[in-house]
Amino acid sequence: MNPPLLPTAFARLSPNPAESLAARLRERMHTPPRFYHTVTHIEAVVACVWEWTHGEPSAPLLAAALYHDAVYDARRTDNEALSATFCRDEWASVGANPADIAEAERLILATAHGSAAPQTPDETLLLDADLYVLGGSPGEYADYVHGVRAEYAHVPEPAWVAGRGRVLTTFLSRPRIFLGDWHGVSEREAAARVNLQAEHETLAGFAPAKTE
Numbered sequence: 585m586n587p588p589l590l591p592t593a594f595a596r597l598s599p600n601p602a603e604s605l606a607a608r609l610r611e612r613m614h615t616p617p618r619f620y621h622t623v624t625h626i627e628a629v630v631a632c633v634w635e636w637t638h639g640e641p642s643a644p645l646l647a648a649a650l651y652h653d654a655v656y657d658a659r660r661t662d663n664e665a666l667s668a669t670f671c672r673d674e675w676a677s678v679g680a681n682p683a684d685i686a687e688a689e690r691l692i693l694a695t696a697h698g699s700a701a702p703q704t705p706d707e708t709l710l711l712d713a714d715l716y717v718l719g720g721s722p723g724e725y726a727d728y729v730h731g732v733r734a735e736y737a738h739v740p741e742p743a744w745v746a747g748r749g750r751v752l753t754t755f756l757s758r759p760r761i762f763l764g765d766w767h768g769v770s771e772r773e774a775a776a777r778v779n780l781q782a783e784h785e786t787l788a789g790f791a792p793a794k795t796e
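Count the sequence shown with my numbering and you get residues 585 to 796, in order.
Rendered as structure tokens:
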């Protein structure tokens, strides 16, 4: 974790053992091998919350941004819960405020991106930051999709097409993909819808034809 922002972020959480916290998270994120949910993704999420809070994110928001994908295994369905537990244990080990720890856990659990509306401004920021790549350039979006598909390499193509199609339909059916009012959100929203629709149409071409 070399970019200047991440050491600064960890130092905000705990000045003294910040390097050891960063090292343990980096080690945890190497297992299993990842292609999208990597340290690069964490950097991007932290950068978003840093910018949108003008460099003054709350401690729970910052912790959640750093740890929300501490555990990621595409074969599991409890990654958010395990990531929240990892965050709790790590942050508690340096004497963090229990209320802050509990809020960070709650924020991490919210990154499952269910149907419930965000409860706080911090939750809105974190969810938007986690999905920020959806509104990237076509090349950035393609890299994201390629990375996620690689993480699901164990899933046969027909099952991937069906499952991914459901995910895309869910996003496209939302009144808004991004829920915050940060600078540039309208443009990012429009780009995300173009990207998601294009992928959806591509997948439709791979779907097996229905037989009567």
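Backbone N, C-alpha and C define an ideal beta-carbon position, used for all residues, glycine too.
Remember, it's a predicted structure, so these values are computed and weren't measured experimentally.
Option nearest residue i by Cα separation, candidates the options
i: residue 701; options: 764, 733 and 595; result: 764
i: residue 745; options: 785, 772 and 659; result: 785
i: residue 686; options: 695, 699, 669 and 698; result: 669
i: residue 788; options: 757, 762, 769 and 750; result: 750
i: residue 770; options: 696, 689, 728 and 716; result: 716
i: residue 627; options: 601, 591, 659 and 759; result: 591
i: residue 664; options: 768, 675 and 698; result: 698
i: residue 740; options: 640, 659 and 623; result: 659
i: residue 775; options: 747, 718 and 675; result: 718
i: residue 667; options: 640, 678, 641 and 695; result: 695
i: residue 680; options: 599, 781 and 767; result: 599
i: residue 625; options: 703, 724 and 707; result: 724
i: residue 781; options: 754, 767 and 768; result: 754
Cβ separation of residue i and residue j, assumed to be a contact under 8 angstroms, to the nearest whole Å
i: residue 722; j: residue 779; result: 7 angstroms
i: residue 710; j: residue 649; result: 6 angstroms
i: residue 691; j: residue 631; result: Not really, about 17 angstroms apart at Cβ, beyond 8 angstroms.
i: residue 618; j: residue 656; result: 6 angstroms
i: residue 643; j: residue 684; result: 5 angstroms
i: residue 729; j: residue 773; result: The pair is not a contact, with the Cβ atoms about 19 angstroms apart (cut-off 8 angstroms).
i: residue 712; j: residue 762; result: 5 angstroms
i: residue 777; j: residue 756; result: 7 angstroms
i: residue 707; j: residue 620; result: Contact flag wrong, Cβ pair sits at about 22 angstroms.
Residue i versus residue j - alpha carbon distance
i: residue 651; j: residue 671; result: 6 angstroms
i: residue 603; j: residue 593; result: 11 angstroms
i: residue 662; j: residue 689; result: 13 angstroms
i: residue 742; j: residue 682; result: 45 angstroms
i: residue 676; j: residue 607; result: 16 angstroms
i: residue 726; j: residue 720; result: 9 angstroms
i: residue 790; j: residue 747; result: 13 angstroms
i: residue 601; j: residue 616; result: 25 angstroms
i: residue 639; j: residue 647; result: 14 angstroms
i: residue 693; j: residue 759; result: 22 angstroms
i: residue 731; j: residue 622; result: 10 angstroms
Just list the alpha helix (DSSP H) runs in the region 607-650, keeping only unbroken ones of 4 residues or longer that don't cross its boundaries, in chain order. 623-636
Give a yes or no on contact between the region 608-615 and the region 632-642, applying the rule of three or more CB pairs nearer than 8 angstroms. no
Just list the alpha helix (DSSP H) runs in the region 657-722, keeping only unbroken ones of 4 residues or longer that don't cross its boundaries, in chain order. 663-676, 682-694 and 705-714
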